[in-house]
Amino acid sequence: MFKKSLHITKNFYFLSGLSFLVWMLFFDTNDFYSQYQLSQKVEELEHQEQYYLQKIEEVNADREALINDMDLLEEFAREKYFMKKDGEDLFVVVED
Numbered sequence: 007m008f009k010k011s012l013h014i015t016k017n018f019y020f021l022s023g024l025s026f027l028v029w030m031l032f033f034d035t036n037d038f039y040s041q042y043q044l045s046q047k048v049e050e051l052e053h054q055e056q057y058y059l060q061k062i063e064e065v066n067a068d069r070e071a072l073i074n075d076m077d078l079l080e081e082f083a084r085e086k087y088f089m090k091k092d093g094e095d096l097f098v099v100v101e102d
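In my numbering, the protein residues as written are 7 to 102.
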């Protein structure tokens, strides 16, 4: 049995196949570790895609609310851009 397995390990095709397998698993640019890192990066990017799609939906909903409600638009302009009506005094309070 041992002599038969020793004979197989001396076979040119077995040795070349084994060396090819070792090369592809550990030394090639597309080895297992690189493939694992790439799959992790793909998962991270898919999560980011879902996050940004959700944010886009929220922004579109806020935009529609601002377009349809003039009181909300006025409140937004006063808070965000410090706009005021004629004759009003505007005080900006900066918190530390």
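Quick reminder that beta carbons are idealized off the backbone N, C-alpha and C, glycines included. All values reported here derive from a predicted model rather than from experimental measurement.
Looking at M89: is its Cβ nearer than 7 Å to the Cβ of A83?
For the purposes of this step, residue 89 is taken as residue 83 along the sequence shown, with counting starting at 1. For the purposes of this step, residue 83 is taken as residue 77 along the sequence shown, with counting starting at 1. Yes.
Closest to K135 by CA distance: which of D37, D34, L72 and E80 is it?
Limits of the chain in this structure are 7 at one end and 102 at the other, which puts residue 135 out of reach.
How many Å lie between E64 and V100 at the Cα?
Position 58 of the sequence shown holds residue 64. Position 94 of the sequence shown holds residue 100. Straight-line Cα distance between these residues: approximately 28 Å.
Given this structure, state the Cα-to-Cα distance separating L21 from F33, to the nearest angstrom.
Here the question's residue 21 lines up with position 15 in the sequence shown. Here the question's residue 33 lines up with position 27 in the sequence shown. Roughly 17 Å separates the two Cα atoms.
K47 - containing alpha helix (DSSP H), residue span
Stepping through the sequence shown from its first residue, residue 47 is reached at position 41. Looking at the DSSP string, the run of the alpha helix (DSSP H) that includes K47 is F38 to N74.
Residues near F38 in its chain [Cβ-Cβ closer than 7 Å; skip 5 each side]:
As a first step, residue 38 must be located in the sequence shown, where it is residue number 32. Once the five neighbours on either side are set aside, the close Cβ partners of F38 are L31.
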